[in-house]
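A.B. asks: Mind looking over this structure? Questions follow.
Here it is, written out as structure tokens:
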């Protein structure tokens, strides 16, 4: 777990939890038992491994390094840590994982994060600013463009900050709803794209008519004003706005027991 | 390593074959090889196979990254290389900072689980120590470029890149129409490195190489290359079969060098673990040119 210095987001009797912990737990809850999930490193990996230890013991985790149905005892730091191969049902080559497993649409959920994310769910992990003269050079695509294109649906986990949630991304690394409703079909992208965005403040989901992400749920103790203040577009609120249930003791204990390989924690 | 024409070779030792058909390797295939054992020292292998201006791929997807070979390239002060790797990782950050590279072909350029590659960013933003050109892909695109290269095809077809901004910036991404259905698909140009370098667990005394665990894109990268070499943890009498292992036959490799620990701080499955602390420590070393330069001096003074 990272970010444990984040301000406390809520309390439940004697317990407290951080905004990051609420985010990981809310993200874990969206995964259903038996689903096949292509996992990005970092926040998605934490949430997916948490789900597997809670309500989804038969969740199939696939990492782009070629590890299929891996069950790591500790969280990997990188996408290709040895623990992923040792605990996998099968390990295949990188061309195979992308061509045979991801590309034909066999994967239920792509679980991603990003540096910049927009109103229509497009993701940028390439550059902030112009491509040729960027303000910030980010790592780049990795597996994300094809994960976002080919998984049946995509779930995004990222911290809710004004600089990250923008009207329009500077660079489309991975396509969400593209330029609007129907654009994915026009482009020939077969998956649904991002169906849910879980942040440390709440949950965004696309409006079925406009494709625009709207506030679908607030985490316990967070206000609409707070979320709007961290969102770079005029964030609309779903008519049936939900409140995320606070973390249970079991959820918190399980999350806190997750240790990253090679770390002191 | 012995070459054709080497006076130490007797004619009977030689079975001269071009290891690539001209249609794959193109007019630059001038490399002939002998059947004699070709297990050589790492400095010798790098000196024989890596030339200034080459397109060089050091592959290994998080696992089995050929750090020892990369450091030897730094020590031999190779320049103007086009460095190809899906994940540049620390090894290319180091080689870029050392001044080996003029171009980087890649698909994810971060320090996994830690953050940015600061030497790469310094080269891109400030041209330090040299300006760096980039050619950027997705993982699926890079993997397929190696597959095309290994298959002797000029390009590969995939469902990828559609709707993203990458094709506008990368010449080796295009589209192709399916001749059977008319569907538009992404096409990526084949990758055929001048030389590919991989690290593996072990080789036998004939120079056949075996690797296992996460095997990444190494087989494709070796088969796509005009010249190829492997560093290995050890040489053994016999390559006992291992589930899921990749075996690279001796006749697709030009040199094998023994380099125990040669993948550290990445890892060699069954031999040693990934040194995650070293990956975290690299962040501070690489942020600062002076700290990096001290690190570089230590590498340059060290001999394998």
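Chains as they are written, first to last, in our numbering: chain A, 1 to 265; chain B, 1001 to 1304.
Don't be surprised by glycine CBs; every beta carbon is placed ideally from N, CA and C.
#1: Determine which residues share a DSSP beta bridge with residue 1267 of chain B and list them.
#2: What's the call for residue 243 of chain A, buried or exposed, on a 16-neighbour Cβ count within 10 Å?
#3: Using three-state DSSP, classify residue 1108 of chain B as helix, strand or coil.
#4: State the DSSP-derived secondary structure class of residue 1103 of chain B, mapped to helix, strand or coil.
#5: Chain B partners of residue 131 of chain A, CB-CB under 7 Å?
#6: So, with DSSP's three-state summary, where would you put residue 1248 of chain B?
#7: So is residue 137 of chain A in contact with chain B if we call contact Cβ pairs under 8 Å?
#8: Could you tell me whether any Cβ in chain B is nearer than 8 Å to the Cβ of residue 73 of chain A?
#9: Since residue 1118 of chain B meets chain A, which of its residues come closer than 9 Å, beta carbon to beta carbon?
#10: Would you please state the rounded distance, in angstroms, between the beta carbons of residue 62 of chain A and residue 73 of chain A? I believe it to be under 8 Å.
#11: Excluding the 5 residues flanking residue 1192 of chain B on each side, which residues of the same chain have their C-beta closer than 6 Å to its C-beta?
#12: Compute the beta-carbon to beta-carbon distance between residue 271 of chain A and residue 68 of chain A, rounded to the nearest angstrom, for a pair I have assumed lies under 8 Å.
#13: Apart from the five residues just before and just after residue 1143 of chain B, which ones in its own chain have a Cβ nearer than 8 Å to its Cβ?
#14: Whose C-alpha, out of A:226, A:88, A:122 and A:42, is nearest the C-alpha of residue 183 of chain A?
#15: Consult DSSP for residue 1199 of chain B and reduce its assignment to one of helix, strand or coil.
#16: I need the DSSP call for residue 35 of chain A, collapsed to helix, strand or coil.
#17: Using a C-beta to C-beta distance shorter than 7 Å, which residues of chain B count as neighbours of residue 198 of chain A?
#18: From the DSSP secondary-structure annotation, give me the bridge partner or partners of residue 242 of chain A.
#19: At 7 Å on the CB atoms, spell out the chain B contacts of residue 128 of chain A, in chain order.
#20: Give a yes or no on whether the C-beta atoms belonging to residue 112 of chain A and residue 127 of chain A are separated by under 8 Å.
#21: Considering only their Cβ atoms, is the gap separating residue 180 of chain A from residue 129 of chain A smaller than 8 Å?
#22: For a cutoff of 8 Å on Cβ pairs, would you count residue 1294 of chain B as touching chain A?
#23: Nearest chain B C-beta to residue 64 of chain A closer than 8 Å, yes or no?
#24: Take the Cβ of residue 1184 of chain B as the centre, count every other Cβ of all protein chains shown within 10 Å, and call the residue buried at 16 or more, exposed below.
#25: What's the C-alpha gap between residue 114 of chain A and residue 218 of chain A?
#26: How about residue 1269 of chain B and residue 141 of chain A: are their beta carbons less than 8 Å apart?
#27: What residues of chain A sit near residue 1276 of chain B, judged by a beta carbon separation below 9 Å?
#28: Taking only three categories from DSSP, how would you classify residue 1077 of chain B?
#29: Output, in chain order, the set of chain A residues within a Cβ distance shorter than 7 Å of residue 1126 of chain B.
#30: Can you give the Cα-Cα distance for residue 1161 of chain B and residue 177 of chain A, rounded to whole angstroms?
#31: Taking only beta carbons into account, state which residues of the stretch 1135 to 1146 of chain B come closer than 9 Å to chain C, listed in chain order.
#32: What is the DSSP secondary structure of residue 1292 of chain B, reduced to helix, strand or coil?
#33: Just to confirm my understanding: we take residue 189 of chain A, look at its own chain, exclude 5 residues before and 5 after, and list those with CB closer than 7 Å. What are they?
#34: Would you verify that the beta carbon of residue 1107 of chain B is, or is not, closer than 8 Å to some beta carbon of chain A?
#35: Distance, Cα to Cα, residue 17 of chain A vs residue 166 of chain A?
#36: Using DSSP with H/G/I as helix, E/B as strand and the rest coil, what is residue 128 of chain A?
C.D. replies: According to the structure shown:
#1: Taking the first residue of the second chain as 1, we reach residue 1267 of chain B at position 267. Paired residues: B:1063.
#2: Sequence index remark: in the first chain, residue 243 of chain A carries index 243 (1-based). In summary, residue 243 of chain A is exposed, with fewer than 16 beta-carbon neighbours lying within 10 Å of its beta-carbon over all protein chains present.
#3: Stepping through the second chain from its first residue, residue 1108 of chain B is reached at position 108. In the structure shown, residue 1108 of chain B sits in coil (DSSP, three-state: anything other than H, G, I, E or B).
#4: If you number the second chain from 1, residue 1103 of chain B lands on position 103. Strand.
#5: Against the first chain, residue 131 of chain A aligns to sequence position 131. Those are 1169, listed as they occur along chain B.
#6: As a first step, residue 1248 of chain B is located in the second chain; it is residue number 248 there, counting from the start. In the structure shown, residue 1248 of chain B sits in a strand (DSSP, three-state: E or B).
#7: Position 137 of the first chain, counting from 1, holds the residue named residue 137 of chain A. Cβ-Cβ to chain B under 8 Å: yes for residue 137 of chain A.
#8: The count along the first chain starts at 1 and reaches residue 73 of chain A at position 73. By this cut-off, residue 73 of chain A is not an interface position.
#9: On the second chain, residue 1118 of chain B is found 118 positions in, with the first residue counted as 1. Those within 9 Å of residue 1118 of chain B in chain A number zero; the least Cβ separation is about 10 Å.
#10: Taking the first residue of the first chain as position 1, residue 62 of chain A is located at position 62. Taking the first residue of the first chain as position 1, residue 73 of chain A is located at position 73. Separation of the CB atoms of residue 62 of chain A and residue 73 of chain A is rounded to 18 Å, and the pair is thereby denied contact status at 8 Å.
#11: Within the second chain, the letter at position 192 stands for residue 1192 of chain B. Non-local beta-carbon contacts of residue 1192 of chain B in its own chain, meaning distances under 6 Å to residues more than five positions away in sequence, involve 1149 and 1224 in chain order.
#12: The structure shown does not extend to residue 271 of chain A, since chain A is modelled only from 1 through 265, so no value can be given for it.
#13: Here residue 1143 of chain B is taken as the residue at index 143 of the second chain, counted from 1. Contacts found: 1086, 1217 and 1220.
#14: As a working note, residue 183 of chain A is residue 183 in the first chain. Proximity to residue 183 of chain A across A:226, A:88, A:122 and A:42 peaks at A:122, based on C-alpha coordinates.
#15: Residue numbering aside, residue 1199 of chain B sits at position 199 when the second chain is read from its first letter. Of the three classes helix, strand and coil, the one that applies to residue 1199 of chain B here is strand, per DSSP.
#16: Position 35 of the first chain, counted from the start, is the residue given in the question as residue 35 of chain A. Note: residue 35 of chain A maps to coil in three-state DSSP.
#17: In the first chain, residue 198 of chain A corresponds to position 198, counting from 1. The contacting residues do not exist; residue 198 of chain A stays about 20 Å from chain B at best.
#18: The residue you call residue 242 of chain A lines up with position 242 of the first chain. Paired residues: A:217.
#19: The count along the first chain starts at 1 and reaches residue 128 of chain A at position 128. Those do not exist, as residue 128 of chain A stays about 12 Å from chain B at its closest Cβ, beyond 7 Å.
#20: Mapped onto the first chain, residue 112 of chain A falls at position 112. Mapped onto the first chain, residue 127 of chain A falls at position 127. 8 Å or more divides the Cβ of residue 112 of chain A from the Cβ of residue 127 of chain A.
#21: Stepping through the first chain from its first residue, residue 129 of chain A is reached at position 129. Stepping through the first chain from its first residue, residue 180 of chain A is reached at position 180. The answer is no: Cβ separation not under 8 Å.
#22: Locating residue 1294 of chain B in the second chain gives position 294, where the first residue counts as 1. By the rule that beta-carbons nearer than 8 Å mark a contact, residue 1294 of chain B does not touch chain A.
#23: Residue numbering aside, residue 64 of chain A sits at position 64 when the first chain is read from its first letter. Closer than 8 Å: yes.
#24: Residue numbering aside, residue 1184 of chain B sits at position 184 when the second chain is read from its first letter. Here residue 1184 of chain B is exposed. Its C-beta has fewer than 16 other C-beta atoms within 10 Å.
#25: Start at 1 with the first residue of the first chain, and residue 114 of chain A comes out as number 114. Start at 1 with the first residue of the first chain, and residue 218 of chain A comes out as number 218. Between the alpha carbons of residue 114 of chain A and residue 218 of chain A lies a gap of roughly 21 Å.
#26: To locate residue 1269 of chain B, count along the second chain from 1; it is residue 269. To locate residue 141 of chain A, count along the first chain from 1; it is residue 141. For residue 1269 of chain B and residue 141 of chain A, no; Cβs fall outside 8 Å.
#27: Position 276 of the second chain holds residue 1276 of chain B. Contact annotation for residue 1276 of chain B against chain A: 77, 78, 81, 260, 261, 262 and 263 [CB-CB distance below 9 Å, chain order].
#28: Translated into the one-based positions of the second chain, residue 1077 of chain B becomes position 77. The three-state reading of DSSP puts residue 1077 of chain B in coil, since its state is none of H, G, I, E or B.
#29: Locating residue 1126 of chain B in the second chain gives position 126, where the first residue counts as 1. Residues of chain A passing the Cβ test: none, with the nearest at roughly 11 Å.
#30: For the purposes of this step, residue 1161 of chain B is taken as residue 161 along the second chain, with counting starting at 1. For the purposes of this step, residue 177 of chain A is taken as residue 177 along the first chain, with counting starting at 1. For residue 1161 of chain B and residue 177 of chain A, the gap between their C-alpha atoms comes out near 14 Å.
#31: Checking the listed chains, one finds no chain C in this structure; the protein chains it contains are A and B.
#32: Along the second chain, one-based indexing puts residue 1292 of chain B at 292. If DSSP states are grouped into helix, strand and coil, residue 1292 of chain B belongs with the helices.
#33: Working through the first chain from its first residue, we reach residue 189 of chain A at position 189. Result list for residue 189 of chain A: 149 and 175, in chain order.
#34: Looking up residue 1107 of chain B in the second chain gives position 107. Residue 1107 of chain B counts as touching chain A.
#35: For the purposes of this step, residue 17 of chain A is identified with residue 17 of the first chain, where counting begins at 1. For the purposes of this step, residue 166 of chain A is identified with residue 166 of the first chain, where counting begins at 1. Here the C-alpha atom of residue 17 of chain A lies approximately 27 Å from the C-alpha atom of residue 166 of chain A.
#36: In the first chain, the residue the question calls residue 128 of chain A occupies position 128. Three-state result, residue 128 of chain A: strand.
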